[in-house]
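Asker: Have a look at this one.
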Ligand SMILES: O=C(O)CCC(=O)C(=O)O
Ligand SMILES: [Fe+2]
């Protein structure tokens, strides 16, 4: 099986909803980000020139943007290249939020995460810049928290993704304490004696290049590997379709902190869901809000 790759000009929002969002089938859209100022603009030189001093923390260690690009471009070979190097755009690079509008690209909508009720970040979702270097691997195979659907917009370089079609949870050996992560340590060399059910899994591996957008539907196991110097922008999608599962997760995650927090957060989210449902019915156009 392959992941469909199609030019955004050749698929409508309605077709996307019916053929990909509802059945939960991944898709690569070409040129969907042409409407973004970031398209063809987000390059290592662009970031070095404007944001070279901007800092972020990766694996507990602070780096400047210049240090990150020195590592991922192979100019600094004195230490390991971390992956993924992330910046939360609204808070760490707010100057760039205008360059990724409209976030929904005309496809990722309605997106309740764009309503002021569901402030991004608080629910585990975010609008994030990812930077990587050759061979940089996402640390584990996983499904995204909170039953959110993910959109990965590749703006520079190539990333290899692997996705597993729906219905293969059992073959992925979810970690008992964290059902969102696979306990298989190296997915490129699976020890079938230890993980025999994985023999039935049907991974699909493909490359996403500059100007391409990958839609990873809710509940799809996936992982990524940077093939060269890469820059991408990721965001999440929530609406009536994944909201019931999202609400259960809000309860589950907050309950780990305290019952009171779980009650408060779930109540808040439920009201937000009701308001957004009403907004969808009335055709409210949401102004993107990112926190
Ligand atoms: O682009 C990547 O490295 C994959 C990121 C991802 O799957 C995630 O952040 O949940
Ligand atoms: Fe993910």
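Numbering (the numbering used here), first residue to last: 2 to 292.
The C-beta atom is built at its ideal place from N, Cα and C for all residues, glycine as well.
Rounding to the nearest angstrom, what Cα-Cα distance links residue 109 and residue 46 in this structure?
Answerer: Taking the chain shown and counting its residues from 1, one reaches residue 109 at position 108. Taking the chain shown and counting its residues from 1, one reaches residue 46 at position 45. Looking at the two C-alpha atoms, the distance is approximately 29 Å.
Asker: Given the structure, does residue 50 come close to ligand 2, in the sense that its CB is under 7 Å from one of the ligand's heavy atoms?
Answerer: The residue given as residue 50 occupies position 49 in the chain shown. Not so, every heavy atom of ligand 2 lies at least 7 Å from the Cβ.
Asker: Let me check understanding here. Comparing Cα to Cα, which of 283, 60, 233 and 226 lies closest to residue 100?
Answerer: Translated into positions along the chain shown, residue 100 becomes position 99. For the residues 283, 60, 233 and 226, the minimum Cα distance to residue 100 belongs to 233.
Asker: Is residue 169 helix, strand or coil by DSSP?
Answerer: For the purposes of this step, residue 169 is taken as the residue at position 168 of the chain shown. Coil at residue 169, not helix or strand.
Asker: Can you tell me whether residue 89 sits near ligand 2, meaning its C-beta is under 7 Å from at least one heavy atom of the ligand?
Answerer: Indexing the chain shown from 1 puts residue 89 at position 88. No; taking the cut-off as 7 Å, the Cβ of residue 89 has no heavy atom of ligand 2 nearer than that.
Asker: Counting only the same chain and skipping the five closest in sequence on each side, list residues whose C-beta sits under 6 Å from that of residue 56.
Answerer: If you number the chain shown from 1, residue 56 lands on position 55. 63 and 65.
Asker: Is it the case that the region 135 to 145 contacts the region 212 to 227, given that we only count it when at least three CB pairs across the two stretches are under 8 Å?
Answerer: At 8 Å Cβ cutoff, the stretches touch.
Asker: Quick check on residue 291: buried or exposed, where buried means 16 or more other Cβ atoms within 10 Å of its Cβ?
Answerer: Walking along the chain shown from the start, residue 291 turns up at place 290. Interpretation of residue 291 is limited by its pLDDT of 44, a score under 50 that renders its predicted location unreliable; the figure taken from the coordinates is listed afterwards. Looking at its Cβ environment, which holds 16 or more other Cβ atoms inside 10 Å, residue 291 is buried.
Asker: Check whether the Cβ of residue 145 sits closer than 7 Å to any heavy atom of ligand 2, and report yes or no.
Answerer: In the chain shown, counting from the first residue as 1, residue 145 sits at position 144. Yes - ligand 2 has a heavy atom lying nearer than 7 Å to the Cβ of residue 145.
Asker: Tell me whether residue 135, by its Cβ, gets closer than 7 Å to a heavy atom of ligand 1.
Answerer: By 1-based counting over the chain shown, the position of residue 135 is 134. No, Cβ of residue 135 sits at least 7 Å from all heavy atoms of ligand 1.
Asker: Could I get the ranges of all uninterrupted beta strand (DSSP E) runs contained in the region 126 to 205, with 3 residues as the minimum, in chain order?
Answerer: The region 126 to 205 contains these whole beta strand (DSSP E) runs: 129 to 133, 150 to 157, 160 to 165 and 179 to 183.
Asker: Say the cut is 7 Å; is the CB of residue 151 nearer than that to a heavy atom of ligand 4?
Answerer: This structure lacks ligand 4; its bound ligands are ligand 1 and ligand 2.
Asker: If you draw a straight line from the C-alpha of residue 68 to the C-alpha of residue 132, how long is it?
Answerer: Taking the chain shown and counting its residues from 1, the one referred to as residue 68 is at position 67. Taking the chain shown and counting its residues from 1, the one referred to as residue 132 is at position 131. Spanning the two alpha carbons is a distance of roughly 12 Å.
Asker: Between which two residues does the alpha helix (DSSP H) carrying residue 213 extend?
Answerer: Here residue 213 is taken as the residue at index 212 of the chain shown, counted from 1. Where residue 213 is concerned, there is no enclosing alpha helix (DSSP H), although the beta strand (DSSP E) it sits in stretches over 213 to 217.
Asker: Within 10 angstroms of the Cβ of residue 79, are there 16 or more other Cβ atoms? Answer buried if so, exposed if not.
Answerer: Position 78 of the chain shown holds residue 79. Looking at its Cβ environment, which holds fewer than 16 other Cβ atoms inside 10 Å, residue 79 is exposed.
Asker: Going by DSSP, what residues sit across from residue 51 in a beta bridge?
Answerer: The residue you call residue 51 lines up with position 50 of the chain shown. Note: residue 51 sits in no beta bridge, so no partner.
Asker: Residues in its own chain within less than 6 Å of residue 26 by CB, not counting five upstream and five downstream?
Answerer: As a first step, residue 26 is located in the chain shown; it is residue number 25 there, counting from the start. Excluding residues within five positions, none has a Cβ falling inside 6 Å.
Asker: Could you check whether residue 235 and residue 129 sit closer than 8 Å to each other, using their CB atoms as the reference points?
Answerer: As a working mapping, residue 129 is identified with position 128 in the chain shown. As a working mapping, residue 235 is identified with position 234 in the chain shown. The answer is yes: Cβ separation under 8 Å.
Asker: Just how far apart, CA to CA, sit residue 23 and residue 50?
Answerer: In the chain shown, the residue the question calls residue 23 occupies position 22. In the chain shown, the residue the question calls residue 50 occupies position 49. Straight-line Cα distance between these residues: approximately 42 Å.
Asker: Could you check the C-alpha separation between residue 219 and residue 145 for me, to the nearest Å?
Answerer: Position 218 of the chain shown holds residue 219. Position 144 of the chain shown holds residue 145. Cα-Cα distance, rounded: 7 Å.
Asker: Does residue 202 pass the burial test, meaning 16 or more other C-beta atoms within 10 Å, or should it be called exposed?
Answerer: Here residue 202 corresponds to residue number 201 of the chain shown, with the count starting at 1. Residue 202 comes out buried.
Asker: So within the region 18 to 43, which uninterrupted beta strand (DSSP E) runs reach at least 3 residues, ignoring any that extend past its ends?
Answerer: Listed in chain order, the complete beta strand (DSSP E) runs (minimum 3 residues) inside the region 18 to 43 are 28 to 31.
Asker: Residue 115 by DSSP, collapsed to three states: which one?
Answerer: As a first step, residue 115 must be located in the chain shown, where it is residue number 114. Reduced to three states, the DSSP call for residue 115 is helix.
Asker: Give me the Cα-Cα distance between residue 77 and residue 162, rounded to the nearest whole angstrom.
Answerer: Looking up residue 77 in the chain shown gives position 76. Looking up residue 162 in the chain shown gives position 161. Those two C-alpha atoms are separated by around 26 Å.
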